[in-house]
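What follows is a single structure, written as structure tokens, with notes after it.
Numbering (my numbering), first residue to last: 13 to 233.
Right, here's the structure in full:
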């Protein structure tokens with residue numbers, strides 16, 4: 013499993029949560045999806061801690077990583093044990109301490125590739141999914157959860173043919189998300205801790221000169 017694809021997959025799939033028009037929902041699925049959108053729109057900024065797990069269908073092996081992400085508008089910062097990704101809306105810095113390198117890329121919404129531009133990729137998902145009419149409910153630790161299944165529209169090309177969002181019933185708060193591909197590979201964003209924020213300092217979305225000191229800078233803008 014390529015670490016770069018893995019890291020950007022985590023970021024891209026998580027940022028699907030903030031794409032409010034990614035779902036064309038109906039009936040019960042519509043109600044749950046509407047609450048989900050309203051929940052996300054209720055905060056100008058937010059932070060999430062989560063575990064991203066990728067399972068390879070061929071080998072049966074799973075790989076997971078704990079992540080933290082901070083989002084405000086088109087800016088974000090994500091960190092895990094391997095990589096730090098900064099984006100101030102116009103540029104992206106991919107900092108890999110293990111290789112001693114930072115790659116700087118222009119952040120363009122015209123590029124819709126999951127491994128190069130997660131926000132551009134997410135924009136391409138808009139209106140590509142329909143929510144199933146029926147939802148399923150479960151109760152964990154006394155809290156009721158609702159699972160909404162999103163099915164890829166006929167004729168639409170996407171690596172994920174089905175997405176299952178699990179939300180806290182009544183509020184729409186995201187708890188987990190499962191993504192399924194036609195090849196059988198699956199991805200899971202688990203144990204989501206959502207923290208509502210009023211704002212972040214814009215400085216966190218761009219690495220400081222001190223943070224870049226000693227690293228090889230590959231500026232591709």
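Even glycine gets a Cβ: it sits at the ideal position worked out from N, Cα and C. It should be emphasised that the depicted structure is a prediction, and the values quoted were computed from it without experimental measurement.
Check	Outcome
Below 8 Å, can you find three or more Cβ-Cβ pairs linking the segment 196-210 to the segment 93-100?	no
What is the DSSP secondary structure of residue 214, counted as helix, strand or coil?	helix
If we call anything under 8 Å between Cβ atoms a contact, is residue 144 one with residue 163?	yes
Please confirm whether residue 217 and residue 87 have their CB atoms less than 8 Å apart.	yes
Using a Cβ-Cβ cut-off of 7 Å (strictly less than) and excluding sequence neighbours within five positions of residue 39, which residues of its own chain qualify?	Residue placement at residue 39 is flagged as unreliable, the pLDDT there being 49, under the threshold of 50; the coordinate-derived value follows with that caveat. Hits under 7 Å: 145.
Tell me whether residue 186 is buried or exposed, calling it buried when 16 or more other Cβ atoms sit within 10 Å of its Cβ.	buried
DSSP has residue 176 in a bridge; who is on the other side?	161 and 190
Distance check for residue 230 and residue 116, CA to CA, integer angstroms please.	6 Å
Measuring straight from C-alpha to C-alpha, what distance separates residue 226 and residue 51?	42 Å
Based on Cα-Cα distance, which residue from 56, 94 and 59 lies nearest to residue 76?	94
So, under 8 Å CB-CB, residue 200 and residue 65 are touching, yes? Tell me the CB distance rounded to an integer number of Å.	4 Å
Within 10 Å of its beta-carbon, does residue 177 have 16 or more other beta-carbons around it, so buried, or fewer, so exposed?	buried
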